[in-house]
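Under the UniProt record's numbering, the residues of the sequence shown are numbered 1 to 98, in order.
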Amino acid sequence: MKSINLFGVQQICRNTIALEQALAGIPSIDSESVQQRLDRVRTYYELLNMPFEALLAFLTEHEHFFTSAEYSNLLKVQVPGREIPFDAQDRVSDILSA
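So this is what it looks like as structure tokens:
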């Protein structure tokens with residue numbers, strides 16, 4: 001994904017909630033597992049709407065929530081209004097290697 005805007009993120013989050021509700025009605029599906037995975041998806045996309053410094057704060061507190069590649073990919077996505085500093089990748093790498 002190269003770019004996304006606030007409305008795209010909101011739509012993805014709404015769709016995951018609808019998907020979770022639809023899957024909850026199927027008895028053979030482990031709804032707790034589905035909920036955890038979809039929560040992870042929502043969190044990932046919500047990070048795209050955070051300012052860079054807030055993303056770093058999240059990363060510091062939840063270092064192992066996503067892989068280093070997933071965190072790096074968050075920096076590559078173009079989001080209108082979100083500024084990513086030139087040293088962003090280095091700062092993320094420093095946190096992940098600490």
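We put the beta carbon where it would ideally sit given N, CA and C, even for glycine.
{"Item": "Taking the alpha-carbon positions, what's the valine 41 to alanine 98 distance?", "Value": "25 Å"}
{"Item": "Can you look up serine 72 in the DSSP assignment and give me helix, strand or coil?", "Value": "helix"}
{"Item": "Classify phenylalanine 7: buried if its beta carbon has 16 or more other beta carbons within 10 angstroms, exposed otherwise.", "Value": "exposed"}
{"Item": "Can you say whether alanine 67 is buried or exposed, counting buried as having 16 or more other CB atoms within 10 angstroms of its CB?", "Value": "According to the sequence shown, residue 67 is threonine rather than alanine. It is exposed - the Cβ of threonine 67 has fewer than 16 other Cβ atoms within 10 Å."}
{"Item": "Going by C-alpha distance, which of Leu74, Ser31, Ser93, Phe86 is nearest isoleucine 4?", "Value": "Leu74"}
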